[in-house]
Amino acid sequence: MEVLLRSHDRAMALEIHEGSVPAYYREVYEAIHCRTHEKVQLEVFQRLLQKTELPQPLTGQIVEHVECTGGYLNKLALYKALALIALAQQGKKPSPKLLENCIQELPKPQLGEPRDLSCLRMQPAQDDELTLSQTLDQLLSRDTIQVEPIPEKKGLFLKHVEYQVTSQRYKISVYRRYNDFDVFHEVLLQRFAYRVVPALPPKRMLKGVLTSISEREFIEGRRRALGRFINLVARHPFFSEEELVKTFLTFSGTDVQTKLRDAYKKTGDEFMTNRIATQAKEYLPADIQAQFSTSRELIRNIHNSFFKLRDRAEKMAERSKENATDLLLFGKELSNLGSDASTIPCFASSQSSWGALRQSLKSLSVEFAVLSDKAAQQGRREEDDVVERLNLFLDLLQSYKDLCERHEKGVLHEHQRALHKYGMMKRQMMSATVQPKEQSVEQLESRIVQQENAIQTMELRNYFSLFCLHQETQLIFAYLPITSHILGAFVNSQVQGHKEMGEVWTELQPKLGCLFGRNNGVKLPV
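Numbering (this note's numbering), first residue to last: 22 to 547.
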């Protein structure tokens, strides 16, 4: 039985049977009530009154007759308010006394579709909680971390690599091994299961990799990947102030792994410490699932395009390195040709000039060595400034893809399993009440209550997961302007590389004229 209370006379109560409350009333309540308090905020109710477009005196009378405690209306107070609104819309005075005649059939207010009213409960402050207002420049300025290897050799073979990790923000260098990164990644993922946590590179070379790259190349690739990982983490808006991150970047003790695990045990996962975790549903837009699907598809397409861009950039950097090798070998062959002291036959028409020409070829290897060096520098610029930035963004995009899969296969799947288990318990309960079995009805009731609590917690975690996913989606879009950084680096590297090599070729051209004379097939500048 639900009771509509009068604010000025609590002694008077209007009894309303559950069946007498119109479905429309319940739908309006579901659309605008605060999920965590099961009440309606006064501000939301005032917005609802504004939507009625009733004259101010009438809305004032309605507010006067509705009980509000602590800035909230309970469900019964809202039902009473809806009935009074309906009376006012019919041209009647919104009076509780008049309402007594409508107990059997409460009038329906004209407020439109209930689902369209859900926007009324979205507060400006809530939008701020959900919105990630970080620019790319702000994210990148949080920290810059260098990861450099310090190899230790035992005997003839490299046993392990230690890394010097230097944080620009904390102005400190610490030493970490791969296993330290591994534990840090593990506790970070436990702490922030609903956030994008970049993956680590493999610890060892996979079977068959040795046939394509050397151990040195593998270690260098792993160093770069570890650098991208720690920079993405340190620049994340929710990780950068985290104690775990600060510990990893600054703790210089002997057992950083234990320190990291202890730090996580003190806090638990983000759901347990985030102040709005249990209220996440309140902050989500009504079409969150549709927004998520649309954004996910867009980001998937962006991922595919950037993957192809990275492949092209890698090939260009590789060609620059191959060009450097070819130029160096070309110069060496010229030097070898010039060093050949074999006697030229007397009948050779070029006998008189070949001797001098051959001596001149030796000096050309110097210019080609310079050209080779410039081409190698070009390859390194393309790798460091272009490929590495592409890889950084790809790592972030891949971690977003992993997060989406964790959401679907983790939280949602566990919620569905819990609901299935709950349904089985309810069926067992119904069976037990008809025909007693080994398990008593009391035991089943206790288990059902426990399962209901578990389902409620999972539902809260599901909404918090969606809340975090919405913010992480914004993080991906915040990183998108890195495209201009990549293109700028690509163009600059090409301009610089062609300029430097062009200068060497330009210097080489007149030398050919001096060495071989004008009849050498080289068009000299006027």
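Note that beta-carbon positions come from the ideal geometry of N, C-alpha and C, so glycine has one too.
Source: prediction; values computed, not measured.
Simplified DSSP state of C489, which is helix, strand or coil: Taking the sequence shown and counting its residues from 1, one reaches residue 489 at position 468. C489 falls in the helix class under three-state DSSP.
Runs of alpha helix (DSSP H) wholly within the region 233–279 (minimum 4 residues, chain order): 236–256, 264–271
Using 8 Å as the threshold, is the C-beta distance between N200 and R331 below it? Walking along the sequence shown from the start, residue 200 turns up at place 179. Walking along the sequence shown from the start, residue 331 turns up at place 310. Cβ distance not < 8 Å, so N200 and R331 don't count as in contact.
Going along the chain, which unbroken runs of the beta strand (DSSP E) with 3 or more residues stay wholly within the region 45–70? none
Assuming P130 and A107 make a contact with CB atoms under 8 Å, what is their CB distance in whole Å? Stepping through the sequence shown from its first residue, residue 130 is reached at position 109. Stepping through the sequence shown from its first residue, residue 107 is reached at position 86. At roughly 4 Å, the Cβ-Cβ gap stays under 8 Å, so P130 and A107 are in contact.
The beta strand (DSSP E) that contains R198, what's its start and end? On the sequence shown, residue 198 is found 177 positions in, with the first residue counted as 1. From DSSP, the beta strand (DSSP E) with R198 extends over 193–198.
Using CA coordinates, which residue listed in D164, A362, K96, V217 is at the minimum distance from L490? Reading the sequence shown from its first residue, position 469 is the one you call residue 490. If we check each option's Cα against that of L490, V217 comes out closest.
Does DSSP put E126 in a helix, a strand or coil? For the purposes of this step, residue 126 is identified with residue 105 of the sequence shown, where counting begins at 1. Here E126 sits in coil by DSSP.
Whether I320 touches I83 by CB criterion (8 Å): Here the question's residue 320 lines up with position 299 in the sequence shown. Here the question's residue 83 lines up with position 62 in the sequence shown. Cβ distance not < 8 Å, so I320 and I83 don't count as in contact.
In this structure, does DSSP put I297 in helix, strand or coil? Locating residue 297 in the sequence shown gives position 276, where the first residue counts as 1. Note: I297 maps to coil in three-state DSSP.
DSSP state of T346 mapped onto helix, strand, coil: The residue given as residue 346 occupies position 325 in the sequence shown. In this structure, DSSP gives T346 a helical state, which the three-state scheme calls helix.
Whose C-beta lies closer than 8 Å to the C-beta of S420 among residues of the same chain, with five residues either side of it excluded? As a first step, residue 420 is located in the sequence shown; it is residue number 399 there, counting from the start. Same-chain partners within the cutoff: V217, V218, P219, A220, L253.
CB contact flag (K353, S381, <8 Å): Residue 353 sits at position 332 when you count from the first residue of the sequence shown. Residue 381 sits at position 360 when you count from the first residue of the sequence shown. No.
May I have the straight-line CA-CA distance separating Y193 from L358, to the nearest angstrom? Indexing the sequence shown from 1 puts residue 193 at position 172. Indexing the sequence shown from 1 puts residue 358 at position 337. Sequence inspection shows Ile at residue 193; the Tyr mentioned does not correspond to that position. The straight-line gap from Cα to Cα measures roughly 54 Å.
Assigned exposure category for R333 - 16 Cβ within 10 Å defines buried: Position 312 of the sequence shown, counted from the start, is the residue given in the question as residue 333. The residue in question, R333, is exposed, as its Cβ has fewer than 16 Cβ neighbours within 10 Å.
P135 versus L350, L487, Q517, I53, residue with shortest Cα-Cα distance: For the purposes of this step, residue 135 is identified with residue 114 of the sequence shown, where counting begins at 1. It is I53.
When DSSP labels each residue in this structure, what does Q399 get in the three-state scheme? Reading the sequence shown from its first residue, position 378 is the one you call residue 399. Helix.
From R256, D283, F259, H257, pick the residue whose C-alpha is nearest to that of T268; which is it? Along the sequence shown, one-based indexing puts residue 268 at 247. Of the listed residues, the one whose Cα sits closest to T268 is D283.
Buried or exposed for H609, please, with buried defined as at least 16 other CB atoms from any protein chain shown within 10 angstroms of its CB. Here the chain covers residues 22 to 547 and nothing more, so residue 609 does not appear.
Cβ pair count under 8 Å reaching 3, the region 333–352 against the region 392–406: Of all C-beta pairs linking the region 333–352 to the region 392–406, three or more are shorter than 8 Å, placing the two stretches in contact.
Would you tell me roughly how many angstroms separate the C-alpha atoms of R410 and R245, rounded to the nearest one? By one-based count along the sequence shown, residue 410 stands at place 389. By one-based count along the sequence shown, residue 245 stands at place 224. Going by the C-alpha atoms only, they are around 11 Å apart.
To the nearest angstrom, how far is it from the Cα of P531 to the Cα of K520? On the sequence shown, residue 531 is found 510 positions in, with the first residue counted as 1. On the sequence shown, residue 520 is found 499 positions in, with the first residue counted as 1. Computed Cα separation, rounded: 18 Å.
So what does S314 bridge to, in DSSP terms? Locating residue 314 in the sequence shown gives position 293, where the first residue counts as 1. None, per the DSSP bridge assignment.
Buried or exposed for L25, please, with buried defined as at least 16 other CB atoms from any protein chain shown within 10 angstroms of its CB. Indexing the sequence shown from 1 puts residue 25 at position 4. Reliability fails at L25, whose pLDDT of 35 lies under 50, so the model's placement of it is uncertain and the value that follows must be treated cautiously. L25 should be labelled buried.
CA-to-CA distance, R47 to V168, given in whole angstroms: Start at 1 with the first residue of the sequence shown, and residue 168 comes out as number 147. Start at 1 with the first residue of the sequence shown, and residue 47 comes out as number 26. Distance from the CA atom of V168 to the CA atom of R47, rounded to whole angstroms, is 59 Å.
Can you name the start and end residues of the alpha helix (DSSP H) that P222 belongs to? Along the sequence shown, one-based indexing puts residue 222 at 201. Careful: P222 lies outside any alpha helix (DSSP H) and carries neither H nor E.
In this structure, how does DSSP classify Q159 when only helix, strand and coil are distinguished? On the sequence shown, residue 159 is found 138 positions in, with the first residue counted as 1. In the structure shown, Q159 sits in a helix (DSSP, three-state: H, G or I).
Same chain, Cβ closer than 6 Å to L160, five either side skipped, listed in chain order: Here the question's residue 160 lines up with position 139 in the sequence shown. For L160, where only same-chain residues beyond five positions count, the Cβ hits under 6 Å are R256.
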